[in-house]
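Worksheet: one structure, shown below.
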DNA sequence: GCAGGTTAATTCGATGCTTGAATTATGACT
DNA sequence: AGTCATAATTCAAGCATCGAATTAACCTGC
């Protein structure tokens with residue numbers, strides 16, 4: 001329900017700013033051409049953005065005999081954003097400039113394996129203070145804080161977190177954080193923030209329809225439709241790991257059976273390897289080293305386990321292809337990377353076998369380009385995305401300006 | 407990439423028109439309140455719409471002592487729309503007024519079981535002429551023709567149809583139809599048009615996130631996200647029937663194995679019944695009567711087959727819940743209706759068992775309220791949806807009006 | 001039947017935004 | 001230094017919305 005002529009301005013600011021932020025530096029003329037706005041309006045809007053310090057001129061390019069064009073880009077130093085990754089074992093807090101260059105990072109192990117919400121909030125707030133101190137950035141120079149958190153984040157007036165496995169039920173994390181800081185808070189599921197990072201800076205650049213899959217100990221996905229993350233009615237869309245792939249198959253920690261996660265999550269893969277070894281414990285002191293051992297083993301038992309894994313994973317991806325018809329599927333997450341580096345082709349073949357021909361032909365399956373650290377990066381993009389969507393509307397209160405007569 | 411101040415007008419026309427079309431009759435004041443537009447603007451825009459004949463005044467309601475409000479609604483007779491359902495066995499062509507009341511219908515059996523595109527086009531064009539003649543409606547009084555067709559419809563400059571099973575590969579159906587009529591053509595997959603019909607007039611009214619499942623001989627779905635049908639990159643999203651539910655299970659006609667359709671499509675159900683009967687042929691002379699026989703049988707073998715069917719269908723729905731987090735899942739299609747009437751509760755229970763608790767709690771699973779005839783109805787909504795989205799912009803050429811001086 | 005009250009709808013001046021054409025700015029080439 | 005070419009800015013004109021004031025339509029009570 002749009003309304004007034006001010007919305008127009010806001011929208012056009014948003015269009016130009018997004019074009020400058022997400023694309024290469026451009027001249028005012030380029031902006032006019034790509035946005036469809038007239039030269040005059042571009043000049044006008046850009047002038048405003050420059051005056052506000054959001055956009056800066058960045059060099060000249062001579063143009064075939066005429067006046068050289070001045071290139072414009074977003075001012076990386078105009079403000080900063082903070083990304084927080086609340087994982088199941090540790091918290092990572094990172095400050096970036098607007099160009100998403102990291103300025104300082106703080107990583108803390110989580111105090112407990114079944115963390116108490118209040119303790120997590122305390123640790124996050126500590127991390128915020130500490131990371132700002134290290135980077136020498138004041139609170140006033142921060143646009144906002146994005147928080148990527150395990151579990152399902154239900155958006156609403158105030159976002160809440162559900163995490164069945166550790167007993168969090170509708171924890172009002174956003175309100176709790178707001179109570180401890182005046183910085184704007186943006187809360188989102190960690191898998192989705194990683195998806196956002198891959199979408200903007202990784203294997204999903206420039207794509208409108210994509211699914212970023214996240215394979216770690218568990219399995220998740222972020223579905224991007226028309227360039228934006230799908231959330232569904234209550235933001236819990238994308239639970240790919242708990243779709244049934246083997247009817248009445250292996251029990252899953254979600255309580256159901258035969259979920260994808262119960263086959264291709266790292267924990268499940270290692271379980272299957274152990275079973276294939278006749279119950280003998282698998283080598284490695286943690287999941288990561290065990291999975292590495294499996295991938296390096298080379299013996300027939302290990303190969304069989306891996307072949308099955310590729311089959312399950314390919315089938316899961318085929319389901320994504322048939323349901324979402326994406327341009328790209330990205331395999332990410334630490335286990336996803338490990339598996340993909342070793343056998344992405346095989347996974348792709350399995351997916352081809354099981355997907356409908358036509359949509360499969362439209363999809364490219366790729367390895368993620370960012371590591372798991374990108375959860376914080378993706379979280380930090382949340383305030384930026386909001387800035388771009390708002391057109392950086394300064395939301396200035398209606399200025400009571402009394403013009404002096406000429 | 408929006409632009410000018412005219413877009414504002416178009417958008418606000420669209421808002422008001424949609425509110426009038428999709429909602430109950432409203433006064434100008436009501437419109438102002440719900441849309442956020444000022445009284446003056448509403449009056450202005452509505453005046454335009456009335457002058458164009460799109461909107462009419464519909465009665466007065468007195469208002470507690472003051473001037474009674476005049477209610478407004480879309481003029482049902484302003485224009486007409488045609489819906490065409492190109493099924494695998496027959497073609498149905500139907501004229502509606504703008505309020506979607508049917509005025510005339512033509513049904514023709516399809517000439518061949520493996521229809522030739524040119525023959526189909528000929529039959530559709532014949533149907534158009536015939537149905538207009540019967541309804542006494544001239545071509546000039548038709549807003550557009552929506553065509554719901556089996557197979558995958560790839561949108562683009564000109565929509566094409568892919569239907570692997572009958573050998574249609576990128577058939578340029580839109581172009582072929584345009585060659586035979588001047589009426590605007592809108593092409594879409596039949597399952598999606600049925601979804602649109604349920605969304606506007608059936609079990610999906612007022613819902614923003616829904617999945618309309620379509621269970622017939624085959625299995626499909628229309629996914630509605632943020633009130634609009636998801637199409638994915640090349641419009642083939644929503645192939646729920648060909649998601650893998652039983653890894654390496656029963657072979658499916660798509661070439662893969664273990665697809666949902668290979669278990670809960672009517673053909674598959676009857677196959678499984680036959681197998682459970684030790685290979686004895688099932689009663690009934692066609693799929694519909696056979697399925698009815700299965701549902702009426704009551705014996706332990708039949709009940710077992712049905713119980714399994716409920717399990718598979720429930721699992722498939724649980725996958726939809728986990729992936730899309732919809733507010734509503736609608737079970738439609740002739741077989742879906744038959745199954746749902748008998749055991750929707752059981753299907754719901756199976757879905758609850760297998761879905762994540764939180765998103766399942768947000769979803770209601772309901773039986774479709776419209777029959778299969780609604781494919782044509784849904785197709786006919788396509789031109790209407792376009793009208794609403796365009797704000798019925800008359801796309802009038804810039805009027806060169808020379809105002810006479812006062 | 002007429003004044004006063006109440007709510008609905010329209011009118012109109014003020015304001016803000018985009019456009020398109022004209023103007024100014026900036027540099028290369030001769 | 002003059003001419004050409006391209007980029008950016010300026011400015012009057014045209015649209016669209018808003019808010020306040022006005023007009024319209026009907027009710028109630030005396």
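Chains as they are written, first to last, in our numbering: chain C, 1 to 406; chain P, 407 to 812.
Heads up, the beta-carbon is just placed ideally off N, CA and C, and yes, glycines get one too.
When Cβ-Cβ separations below 7 Å define contact, residue 239 of chain C makes contact with chain P. Among the CB atoms of chain C, none fall inside 7 Å of the CB of residue 634 of chain P. When C-alpha distances from residue 707 of chain P are compared across P:675, P:734, P:732, P:584, the shortest belongs to P:675. Under the three-state reduction of DSSP output, residue 500 of chain P falls in the strand class. For residue 651 of chain P, the C-beta contacts it makes with chain C under 8 Å involve 244, 245, 247, in order along the chain. Judged by their CB atoms, residue 592 of chain P and residue 550 of chain P are nearer to each other than the 7 Å cut-off. Contact with chain C is found for residue 768 of chain P, since one of that chain's Cβ atoms lies less than 7 Å from the residue's Cβ. Taking C-beta atoms under 8 Å as the contact rule, residue 451 of chain P and residue 478 of chain P fail to qualify, at a distance of about 11 Å. Residue 243 of chain C counts as buried, since at least 16 other C-beta atoms from the protein chains shown sit within 10 angstroms of its C-beta. Against chain P, the CB of residue 327 of chain C has a partner CB under 7 Å away; the residue lies at that interface.
As summarised for the segment 319-388 of chain C, the continuous alpha helix (DSSP H) elements at least 4 residues long and confined to that stretch are 334-354, 357-361, given in chain order.
Taking C-beta atoms as the reference points, residue 615 of chain P and residue 233 of chain C count as a pair closer than 7 Å. Under the criterion of beta carbons closer than 8 Å, residue 679 of chain P and residue 651 of chain P do not qualify as touching, at roughly 18 Å. Under DSSP, residue 251 of chain C takes part in a beta bridge, and its partners are C:257. Neighbours of residue 729 of chain P in chain C, taken as residues whose beta carbon is under 8 Å from its own, are 223, 237, 238, 239, 240, 243, 323 in chain order. Bridge partners of residue 225 of chain C according to DSSP: C:228.
For residue 43 of chain C, the enclosing alpha helix (DSSP H) stretches over residues 39-51.
Distances from the CA of residue 741 of chain P to each of P:693, P:503, P:734, P:565 were compared; the closest alpha carbon is that of P:693. Beta-bridge annotation (DSSP): residue 161 of chain C is paired with C:153, C:171. For the C-beta of residue 640 of chain P, the chain C residues within less than 8 Å are, from N- to C-terminus, 325, 358, 359, 362. Using a Cβ-Cβ cut-off of 7 Å, residue 442 of chain P is close to 1, 3 of chain C, given in chain order. Cβ contact annotation for residue 213 of chain C (same chain, cutoff 6 Å, sequence separation greater than five): 221, 331, in chain order. The beta carbons of residue 784 of chain P and residue 602 of chain P sit closer together than 7 Å. Listed as beta-bridge partners of residue 213 of chain C by DSSP are C:221, C:331. Rounded to whole angstroms, residue 40 of chain C and residue 413 of chain P show a C-alpha spacing of 18 Å. Non-local C-beta neighbours of residue 38 of chain C in its own chain, meaning closer than 7 Å and more than five positions away in sequence, comprise 32, ordered along the chain. In summary, residue 61 of chain C is exposed, with fewer than 16 beta-carbon neighbours lying within 10 Å of its beta-carbon over all protein chains present. Under the DSSP assignment, residue 35 of chain C falls in the alpha helix (DSSP H) whose first and last residues are 28-35. In this structure, residue 673 of chain P sits away from residue 647 of chain P, with a CB-CB distance that is not shorter than 7 Å. Taking C-beta atoms under 8 Å as the contact rule, residue 682 of chain P and residue 711 of chain P qualify, at a distance of about 5 Å.
Beta bridge pairing from DSSP links residue 80 of chain C with C:97, C:142. Sequence-distant partners of residue 347 of chain C (beyond 5 residues in either direction) whose C-beta falls short of 8 Å from its own C-beta, in its chain, are 310, 313, 314, 317, 331, 339, 340, 365. With respect to residue 513 of chain P, residue 498 of chain P sits close: the two C-beta atoms are nearer than 7 Å. For residue 74 of chain C, the closest of C:20, C:120, C:115 by C-alpha to C-alpha distance is C:20. Residue environment: residue 757 of chain P is assigned as buried (16 or more neighbouring CB atoms within 10 Å of its CB, all protein chains considered). Using a 10 angstroms sphere on the CB of residue 762 of chain P, the tally of other CB atoms reaches 16 or more, which defines it as buried.
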